């Protein structure tokens with residue numbers, strides 16, 4: 008054993024037992040400050056028992072003396088402190104909640120034109136709307152509302168299935184939608200299918216005029232296909248049916264932009280007309296999950312993403 | 234007692250360690266079993282149907298709980314993001330519960346009806362095809378494998394033993410009719426377990442009308458999470474009274 012350890016040993020007690028002949032263990036006292044901090048925490052624990060809910064007693068428990076206030080439907084209530092009452096307090100009386108409620112109240116009362124002209128409200132909506140959109144909508148429509156071609160529509164462009172006015176957007180979010188187009192596999196023979204697809208592509212300038220286009224037009228606008236019924240005579244779509252505008256160059260369901268040649272483009276359009284759109288384009292209903300004011304915030308937020316009309 | 238006596242006697246040491254560390258657990262857990270107000274009195278909470286139950290088993294098998302909690306805590310930020318905090322009543326028939334303790338992904342306690350079935354199927358097969366930044370693994374086999382429901386009756390019977398009200402006798406069935414209505418009581422009847430599984434699978438959660446895949450069960454389960462209690466029926470002060 009070295010000299011220094013021997014000296015230390017003289018100053019500090021050991022636990023008294025020796026292992027393997029000479030291996031001993033010091034029994035250093037804990038530092039004073041540490042020990043006292045420990046006692047203080049123990050005392051604080053006892054104080055806590057009196058303030059907050061703590062020990063179980065019989066079929067109930069010690070509720071503690073602390074009380075807390077909160078509001079239910081605008082009515083003030085008071086109860087013993089517990090986490091649920093604390094939450095209601097935070098939701099109704101905390102500083103952040105009150106500030107937010109003040110703005111939410113304004114948004115709830117204002118009509119759309121007032122909101123659109125009030126920079127303060129718009130700034131509020133951009134910040135709250137971003138959070139709401141991220142939590143509820145981004146999973147389908149993407150963080151920036153860009154959507155997924157074929158599945159979830161782009162909300163940042165100015166092409167709308169169900170209409171791009173604030174009221175239309177609000178209505179879609181509130182009630183949800185089920186995108187639908189019947190399948191034409193029984194209606195058209197292969198030649199007719201080809202002609203209609205050619206016509207649809209010609210509407211946005213993807214296919215040149217030809218006899219096939221003329222034949223397709225007759226089917227589209229006549230009783231043979233009856234496509235005009237939802238997409239309109241001019242193919243500009245019908246928001247009340249969620250029918251797409253076929254004359255702009257924006258493709259929400261058939262991935263025409265992703266194809267290079269006319270033949271490939273025609274193939275995806277034909278496939279869509281053949282199968283229709285069924286059970287794959289569901290926009291959930293948000294009333295019930297989100298409050299009317301939250302939906303209003305989202306409508307303005309989506310409208311502001313770029314393409315509101 | 235001197236240190237040495239304990240330190241050289243490992244049997245005694247183990248016993249004393251177990252005693253000391255179990256005190257904390259016992260004090261926190263045991264009273265919950267007999268306190269009057271642990272489980273809130275609310276309408277609507279029912280056991281999982283056979284299809285949902287198999288979905289839950291797959292959820293456990295795949296380890297979804299390692300990244301997803303199912304417990305919304307009573308904090309303002311969670312309330313704003315996920316909705317109403319979870320009630321004890323909502324997991325009373327969960328054995329074992331899926332509260333979880335880690336949130337690599339979002340909480341799923343109220344994910345039911347939030348998204349469409351099609352979204353769930355696509356997201357589970359290839360999460361990055363809908364959420365480009367996602368770090369959730371792909372689960373393509375859920376759509377490939379047919380659901381094994383050969384032991385569904387045994388599974389329901391086992392849960393019944395723990396107190397979950399699946400009905401086996403006429404009397405239990407009648408009680409379920411009174412509590413949940415006839416249609417749901419049929420689905421919770423052990424004697425009709427397979428039929429009810431087939432009936433519910435007709436809703437076609439997986440988009441494959443002619444097959445019952447593991448995906449079918451998992452999506453059916455996800456779509457019911459957090460939807461059983463109608464919170465508009467209660468004023469918020471009501472839930473405070475239970476704590």
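Protein chains in written order, with the working numbering: chain A, 8 to 316; chain B, 234 to 476.
Where a beta carbon is used, it is the ideal one built from N, C-alpha and C, also for glycine.
Keep in mind it's a predicted model, so treat the numbers as computed, not measured.
In angstroms, rounded to a whole number, what distance separates the CA positions of residue 24 of chain A and residue 241 of chain B? In a straight line, the C-alpha of residue 24 of chain A is about 11 Å away from that of residue 241 of chain B.
Do you know how far the Cα of residue 198 of chain A is from the Cα of residue 294 of chain A? One Cα belongs to residue 294 of chain A, the other to residue 198 of chain A, and the distance between them is close to 45 Å.
Please tell me whether residue 6 of chain A has its Cβ less than 7 Å away from any Cβ of chain B. Coverage of chain A is limited to positions 8 through 316, which leaves residue 6 of chain A absent and any answer about it impossible.
Determine whether the Cβ of residue 473 of chain B lies closer than 7 Å to any Cβ atom of chain A. With a threshold of 7 Å between beta carbons, residue 473 of chain B makes contact with chain A.
Using only alpha-carbon positions, find the residue among A:314, A:316, A:305 that is nearest to residue 129 of chain A. If we check each option's Cα against that of residue 129 of chain A, A:305 comes out closest.
Where the beta strand (DSSP E) containing residue 23 of chain A begins and where it ends: That run of the beta strand (DSSP E) goes 21-26.
Short of 9 Å Cβ to Cβ, which residues in the region 325-356 of chain B face chain A? Listed in sequence order: 339, 343, 346, 347, 348, 349, 350, 351, 352, 355, 356.
Chain-ordered neighbours of residue 6 of chain A on chain B, where CB pairs are closer than 9 Å: Any answer about residue 6 of chain A is impossible in this case: the structure gives chain A only from 8 up to 316.
Are the region 326-342 of chain B and the region 287-303 of chain B in contact at 8 Å, needing three or more beta carbon pairs? The count of Cβ pairs closer than 8 Å, one atom from the region 326-342 of chain B and one from the region 287-303 of chain B, reaches three, so the stretches are in contact.
Anything in chain B within Cβ reach of residue 344 of chain A, meaning under 8 Å, just list it in chain order. Lying before the first or after the last residue shown, residue 344 of chain A is absent from chain A, which here runs from 8 to 316.
Proximal residues, the region 357-373 of chain B versus chain A, C-beta separation under 7 Å: Of all residues in the region 357-373 of chain B, 363, 364 have a Cβ within less than 7 Å of some Cβ in chain A.
Compare the C-alpha of residue 322 of chain B against each of B:276, B:365, B:408 and name the closest. It is B:276.
Rounded C-alpha distance that separates residue 350 of chain B from residue 70 of chain A: Straight-line Cα distance between these residues: approximately 45 Å.
Cutoff 7 Å: residue 92 of chain A Cβ touching any chain B Cβ: Output row for residue 92 of chain A: interface = yes.
Spatial neighbours of residue 8 of chain A within its chain, please: CB distance less than 6 Å, with the 5 preceding and 5 following residues excluded, ordered by chain position. Confidence at residue 8 of chain A is low in this model, with a pLDDT of 46, below 50, so its placement is unreliable and the value that follows should be read with caution. Nothing listed; no residue qualifies.
Please state if the CB of residue 285 of chain B and the CB of residue 453 of chain B are separated by a distance shorter than 7 Å. Yes, they are a contact pair.
When you compare the CB of residue 470 of chain B with every CB in chain A, is at least one pair closer than 7 Å? Yes - at least one Cβ of chain A is within 7 Å of the one on residue 470 of chain B.
List, in chain order, every chain B residue whose beta-carbon is nearer than 7 Å to that of residue 84 of chain A. Think of a sphere of 7 Å around the beta carbon of residue 84 of chain A: the chain B residues whose beta carbon falls inside it are 470, in chain order.
Closest by CA to residue 457 of chain B, which one among B:237, B:382, B:348? Here the closest residue by C-alpha is B:348.
Name the residue from A:204, A:165, A:214, A:251 whose alpha carbon lies nearest to the alpha carbon of residue 232 of chain A. Considering only A:204, A:165, A:214, A:251, the residue with the shortest C-alpha distance to residue 232 of chain A is A:204.
For the beta strand (DSSP E) containing residue 280 of chain A, name the first residue and the last one. Per DSSP, residue 280 of chain A belongs to no beta strand (DSSP E); it is in the alpha helix (DSSP H), 269-282.
Quick check on DSSP: helix, strand or coil for residue 68 of chain A? The answer is strand: DSSP assigns residue 68 of chain A an E or B state.
Please say whether residue 238 of chain A and residue 250 of chain A have beta carbons closer to each other than 7 Å? Going by C-beta atoms, residue 250 of chain A is nearer than 7 Å to residue 238 of chain A.
Name the two residues that bound the continuous beta strand (DSSP E) containing residue 74 of chain A. Note, residue 74 of chain A: beta strand (DSSP E), 74-79.
For chain B, check one thing: does any of its Cβ atoms lie closer than 7 Å to the Cβ of residue 22 of chain A? Output row for residue 22 of chain A: interface = yes.
Looking at residue 305 of chain B and residue 340 of chain B, is the spacing between their C-beta atoms short of 7 Å? The Cβ atoms of residue 340 of chain B and residue 305 of chain B lie closer than 7 Å to each other.
Pick helix, strand or coil for residue 306 of chain B, following the three-state DSSP scheme. Residue 306 of chain B falls in the coil class under three-state DSSP.
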